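A.B. asks: So in full-length UniProt numbering the end of the sequence shown lands on 350, straight run, no missing numbers.
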Amino acid sequence: RRPALAVVGATGAVGTVMLQILSQRADVWGEIRLIASPRSAGRKLAVRGEEVEVVALTEDAFDGIDVAMFDVPDELSARWAPVAAAKGAVVVDNSGAFRMDPEVPLVVPEVNPHAVRMRPRGIVANPNCTTLSMIVALGALHAEFGLRSLVASSYQAVSGAGRAGVQTLRRQLSLVSGTELGTSPGDVRRAVGDDTGPFPEPVALNVVPWAGSLREDGWSSEEMKVRDESRKILGLPHLPVAVTCVRVPVLTGHSLTVHARFEGQVTVAKAREILATAPGVVLYDDPEAGEFPTPADIVGTDPTWVGRVRRALDDPTALELFVCGDNLRKGAALNTAQIAELVAAELA
Ligand code: 2RA
3 RRPALAVVGA TGAVGTVMLQ ILSQRADVWG EIRLIASPRS AGRKLAVRGE EVEVVALTED
63 AFDGIDVAMF DVPDELSARW APVAAAKGAV VVDNSGAFRM DPEVPLVVPE VNPHAVRMRP
123 RGIVANPNCT TLSMIVALGA LHAEFGLRSL VASSYQAVSG AGRAGVQTLR RQLSLVSGTE
183 LGTSPGDVRR AVGDDTGPFP EPVALNVVPW AGSLREDGWS SEEMKVRDES RKILGLPHLP
243 VAVTCVRVPV LTGHSLTVHA RFEGQVTVAK AREILATAPG VVLYDDPEAG EFPTPADIVG
303 TDPTWVGRVR RALDDPTALE LFVCGDNLRK GAALNTAQIA ELVAAELA
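(1) Express the C-alpha separation of Ala271 and Arg313 in angstroms, rounding to a whole number.
(2) Could you check what DSSP says for His240 in three-state terms: helix, strand or coil?
(3) Is the number of C-beta pairs between the region 54-69 and the region 90-107 that are closer than 8 Å three or more?
(4) By how many angstroms is the C-alpha of Leu336 removed from the C-alpha of Phe72?
(5) Ignoring anything shorter than 4 residues, give me the alpha helix (DSSP H) runs that lie fully in the region 174-248, in order along the chain.
(6) Could you round the C-beta distance between Ala280 and Leu321 to whole angstroms and report it? I think they count as a contact, below 8 Å.
(7) Excluding five sequence neighbours on each side, which residues of the same chain lie with their C-beta closer than 7 Å to the C-beta of Leu175?
(8) Can you give the Cα-Cα distance for Ile257 and Asp103, rounded to whole angstroms?
(9) Give the straight-line distance between the Cα atoms of Leu253 and Ser161, rounded to the nearest whole angstrom.
(10) Does any heavy atom of the ligand 2RA sit closer than 8 Å to the C-beta of Lys272?
(11) Just to confirm my understanding: we take Gly214, look at its own chain, exclude 5 residues before and 5 after, and list those with CB closer than 6 Å. What are they?
(12) Measuring only the C-alpha atoms, how far is Thr13 from Ala38?
(13) Would you give the residue range spanned by the alpha helix (DSSP H) that Phe147 belongs to?
(14) Quick check on DSSP: helix, strand or coil for Thr269?
(15) Hey, would you say Lys332 sits closer than 9 Å to Val74, going by beta carbons?
(16) Starting from the C-beta of Val284, find all residues in its chain whose C-beta is less than 6 Å away, skip the five residues before and the five after it, and write them out in chain order.
(17) Compute the distance between the beta-carbons of Val245 and Val153, then report whether it is under 9 Å.
(18) Between Ala87 and the ligand NAD, is there a pair consisting of the residue's CB and a ligand heavy atom that are separated by less than 8 Å?
(19) Please determine whether the Cβ atom of residue 1 lies at a distance below 8 Å from any heavy atom of the ligand 2RA.
(20) Can you list, in chain order, the residues of its chain whose CB lies under 6 Å from that of Glu112, leaving out five sequence neighbours each side?
(21) For Gly124 and Val106, I'd like the C-alpha separation in whole angstroms.
(22) What's the gap between the Cα of Leu323 and the Cα of Leu143?
(23) Note down the Cα distance separating Ala350 from Ala163, rounded to an integer number of angstroms.
(24) Which whole-angstrom value is the C-beta distance of Cys326 and Pro295, which I expect to be below 8 Å?
(25) Would you please state the rounded distance, in angstroms, between the beta carbons of Leu36 and Val57? I believe it to be under 8 Å.
(26) Leu285 lies in the alpha helix (DSSP H); which residues open and close that run?
(27) Using C-beta distances below 6 Å, list every residue in its chain close to Ser155, excluding the 5 sequence neighbours before and after it, in chain order.
(28) Please tell me whether, using a cut-off of 8 Å, the distance from the CB of Asn128 to the nearest non-hydrogen atom of the ligand 2RA is below it.
(29) To the nearest angstrom, how far is the alpha carbon of Leu241 from that of Lys234?
(30) Can you tell me which of Val243, Ala346, Pro251, Val49 puts its alpha carbon nearest to the alpha carbon of Leu149?
(31) Helix, strand or coil, according to DSSP, for Ile34 in the structure here?
(32) Tell me the residue span of the alpha helix (DSSP H) that contains Leu336.
(33) Measure the Cβ-Cβ separation of Cys131 and Leu330 and say whether it is below 9 Å.
(34) Would you mind reading off the limits of the beta strand (DSSP E) that contains Gly98?
(35) Near Ala43, what residues of its chain come up, given a Cβ to Cβ distance below 7 Å and the 5 sequence neighbours on each side ignored?
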């Protein structure tokens, strides 16, 4: 019998991409059951070329399910993932509820696939999309050079904040396009009004140095996620990490600039060789031809794209990189599906 899969949160921004990905990848699943809030129950969604009716999230919805992929808010995961696990399903959870639980592995199949087997709670966590947009490339470099410290800045797309983020940018763009706005202080803010959606400031014609909620000493939750999750995935619990997370007016595709310092001297030639051959990474880096990845070009693709590879001018042990990835695919749905496939291979 092929394992039965549940997709919990099937109607959300990531859930929608999950269904596309399940239709595109080698099909290892028997039944695929779609689960969402009672409000969405009865809707029909296409997966693997068939219309499947969405069922409401209840305990019974997990009957006969082997693997359950969750993409719902933290509170819902915290409540329902243990319910699904108690019913015998292995949960692959894309919320923040379990990522730092020592009894829950945090898995990136290209970096730490072995960790998926150590899951005493029956739950495996999927990292945050910002961590995921960088960690495959960073993990490949770490495997060769040994990472010593990390400084990163993110350029995060609005779809990281779900459908509300996308609607907010589209609405704001419609209010500012074709105008002379962006030339005097506060003119964009007045044009888009007080409702800035999930963002603290207008995001159209702007950059917003904030993602998530306030943590201690002025750090944002998103910055703490990148730090804590990178440490856990790489198995480097004391890695010095400094991150600044920034929202930019891009619909989909998170980017980061990375300053990574390693144990010994590095060369760009070796770094390029590693990145050009690492699974899940595409090196697209030709400064003479003006070639480097941008979110507008990589949206809808699976790999982590890397460009602008340089050795730090003042530190021969450090590299500078620009990385880009689709935050809804590798940043969320694809990595979740890859983890689910690792579990399915165990069950086969
Ligand atoms: C964001 N990383 O981009 C968050 C979503 N998980 O807002």
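The C-beta atom is built at its ideal place from N, Cα and C for all residues, glycine as well.
Being a predicted model, the structure only gives us computed values, none of them experimental.
C.D. replies: Let me lay it out:
(1) As a first step, residue 313 is located in the sequence shown; it is residue number 311 there, counting from the start. As a first step, residue 271 is located in the sequence shown; it is residue number 269 there, counting from the start. Arg313 and Ala271 have their C-alpha atoms roughly 10 Å apart.
(2) Residue mapping note: residue 240 aligns to position 238 of the sequence shown, counting from 1. Note: His240 maps to coil in three-state DSSP.
(3) Inter-segment contact for the region 54-69 and the region 90-107 is present: three or more beta-carbon pairs are separated by less than 8 Å.
(4) Within the sequence shown, the letter at position 70 stands for residue 72. Within the sequence shown, the letter at position 334 stands for residue 336. Here the alpha carbons of Leu336 and Phe72 stand approximately 13 Å from one another.
(5) Counting only runs of 4 or more residues that sit fully inside the region 174-248, the alpha helix (DSSP H) segments are 189-194, 223-236, in chain order.
(6) For this step, residue 280 is matched to residue 278 along the sequence shown. For this step, residue 321 is matched to residue 319 along the sequence shown. Ala280 to Leu321, Cβ: 14 Å. No contact.
(7) Counting from one through the sequence shown, the residue named residue 175 turns up at place 173. If we look at Leu175 and ignore the five residues flanking it on each side, its Cβ neighbours are Ala206.
(8) By one-based count along the sequence shown, residue 257 stands at place 255. By one-based count along the sequence shown, residue 103 stands at place 101. One point to set straight first is that residue 257 is Ser, not Ile, in the sequence displayed. If I take the Cα positions, the gap works out to 27 Å.
(9) The sequence position of residue 253 within the sequence shown is 251, counting from 1. The sequence position of residue 161 within the sequence shown is 159, counting from 1. Here the alpha carbon of Leu253 sits roughly 6 Å from the alpha carbon of Ser161.
(10) Taking the sequence shown and counting its residues from 1, one reaches residue 272 at position 270. If you check the C-beta of Lys272 against the ligand 2RA, you find no heavy atom less than 8 Å away.
(11) The residue given as residue 214 occupies position 212 in the sequence shown. Closer than 6 Å at Cβ, skipping near neighbours: Ser222, Ser223, Glu224.
(12) Residue numbering aside, residue 13 sits at position 11 when the sequence shown is read from its first letter. Residue numbering aside, residue 38 sits at position 36 when the sequence shown is read from its first letter. For Thr13 and Ala38, the distance between alpha carbons rounds to 7 Å.
(13) If you number the sequence shown from 1, residue 147 lands on position 145. Run containing Phe147: 131-147, per the alpha helix (DSSP H) assignment.
(14) Here residue 269 is taken as the residue at index 267 of the sequence shown, counted from 1. Looking at Thr269 - three-state DSSP - the assignment turns out to be coil, as it is neither helix nor strand.
(15) If you number the sequence shown from 1, residue 332 lands on position 330. If you number the sequence shown from 1, residue 74 lands on position 72. It is not a contact, given that the beta carbons lie outside the stated cut-off.
(16) Start at 1 with the first residue of the sequence shown, and residue 284 comes out as number 282. Excluding five sequence positions before and after Val284, the CB atoms of its chain that fall closer than 6 Å to its own CB belong to Pro305, Trp307, given in chain order.
(17) Position 243 of the sequence shown holds residue 245. Position 151 of the sequence shown holds residue 153. Contact check for Val245 against Val153 passes: the beta carbons are separated by less than 9 Å.
(18) Ligands displayed in this structure: the ligand 2RA; the ligand NAD is not among them.
(19) As shown, the chain starts at 3 and ends at 350. That puts residue 1 outside it, with no answer to give.
(20) For the purposes of this step, residue 112 is identified with residue 110 of the sequence shown, where counting begins at 1. If we look at Glu112 and ignore the five residues flanking it on each side, its Cβ neighbours are Val138, Pro281, Gly282.
(21) As a working mapping, residue 124 is identified with position 122 in the sequence shown. As a working mapping, residue 106 is identified with position 104 in the sequence shown. Just so you know, the alpha carbons of Gly124 and Val106 end up roughly 8 Å apart.
(22) One-based indexing of the sequence shown puts residue 323 at position 321. One-based indexing of the sequence shown puts residue 143 at position 141. Near 11 Å, if we compare the C-alpha coordinates of Leu143 and Leu323.
(23) Your numbering for residue 350 matches position 348 in the sequence shown. Your numbering for residue 163 matches position 161 in the sequence shown. Their Cα atoms are separated by approximately 36 Å.
(24) Taking the sequence shown and counting its residues from 1, the one referred to as residue 326 is at position 324. Taking the sequence shown and counting its residues from 1, the one referred to as residue 295 is at position 293. Contact between Cys326 and Pro295 holds: their C-beta atoms lie close to 4 Å from each other, under 8 Å.
(25) Counting from one through the sequence shown, the residue named residue 36 turns up at place 34. Counting from one through the sequence shown, the residue named residue 57 turns up at place 55. With a Cβ gap of about 7 Å, Leu36 and Val57 count as contacting.
(26) Your numbering for residue 285 matches position 283 in the sequence shown. Under the DSSP assignment, Leu285 falls outside any alpha helix (DSSP H), being part of the beta strand (DSSP E) whose first and last residues are 283-285.
(27) Mapped onto the sequence shown, residue 155 falls at position 153. Listed in chain order, the non-local C-beta contacts of Ser155 below 6 Å within the same chain comprise Thr246, Thr259, local neighbours out to five positions each way being set aside.
(28) Counting from 1 along the sequence shown, the entry for residue 128 is found at position 126. No.
(29) To locate residue 241, count along the sequence shown from 1; it is residue 239. To locate residue 234, count along the sequence shown from 1; it is residue 232. One C-alpha to the other measures close to 10 Å.
(30) Taking the first residue of the sequence shown as 1, we reach residue 149 at position 147. Relative to Leu149, the option among Val243, Ala346, Pro251, Val49 whose CA is nearest is Val243.
(31) Position 32 of the sequence shown holds residue 34. Strand.
(32) By 1-based counting over the sequence shown, the position of residue 336 is 334. Per DSSP, Leu336 belongs to the alpha helix (DSSP H) from 336-349.
(33) Within the sequence shown, numbered from 1, the residue matching residue 131 stands at position 129. Within the sequence shown, numbered from 1, the residue matching residue 330 stands at position 328. Yes; because the gap between Cβ atoms is below 9 Å, this pair is in contact.
(34) The residue you call residue 98 lines up with position 96 of the sequence shown. Gly98: not part of any beta strand (DSSP E); DSSP gives it neither H nor E.
(35) As a first step, residue 43 is located in the sequence shown; it is residue number 41 there, counting from the start. Here the set comprises Val56, Val57, Ala58.
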